[in-house]
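Residue numbers (the numbering used here): 64 to 125. Where is the CB? At the ideal position from N, CA and C, for every residue including glycine.
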C-alpha cells in the first residue's frame with residue numbers, strides 16, 4: 064500500500080491522471096524504500112528483491 068501511495072503521489076505531481084495505471088506502476092519500479100518490516104527493494108521488472116537469512120541447517124542424508 065505504501066509503495067502504491069508513493070507512486071501515485073509522484074505520478075500526480077508529474078501531471079499524470081490517477082486512472083493511468085501504466086504510469087503509476089512505472090513509478091513503482093527501480094525503487095528502494097523503508098517499509099514496516101524493513102527495507103523493500105523493487106527491481107526494473109517490478110519484482111521485489113528478497114532478503115532472507117538461513118537460521119539453521121541440519122545435515123540430512125538422502
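Query raised in the report: Going by other Cβ atoms of all chains shown within 10 Å of its Cβ, with 16 needed for buried, is residue 100 buried or exposed?
Result: Here residue 100 is taken as the residue at index 37 of the chain shown, counted from 1. The residue is exposed, with fewer than 16 neighbouring Cβ atoms inside 10 Å.
Query - residue 89, DSSP secondary structure in three states - result: Numbered from 1 along the chain shown, position 26 holds the residue referred to as residue 89. Helix.
Requested in this report: Report the three-state DSSP secondary structure of residue 84 (helix, strand or coil).
Outcome: Reading the chain shown from its first residue, position 21 is the one you call residue 84. Residue 84 sits in a helix when the DSSP states are folded into three classes.
Query - Nonlocal neighbours in the same chain, by C-beta distance under 6 Å from residue 70, ignoring five residues either side - result: Your numbering for residue 70 matches position 7 in the chain shown. So the list reads 87, 90 and 91, once near-sequence residues are dropped.
Query raised in the report: So which of 84, 118 and 95 has the shortest CA-CA distance to residue 107?
Result: Residue mapping note: residue 107 aligns to position 44 of the chain shown, counting from 1. Ranking 84, 118 and 95 by Cα distance to residue 107 puts 95 first.
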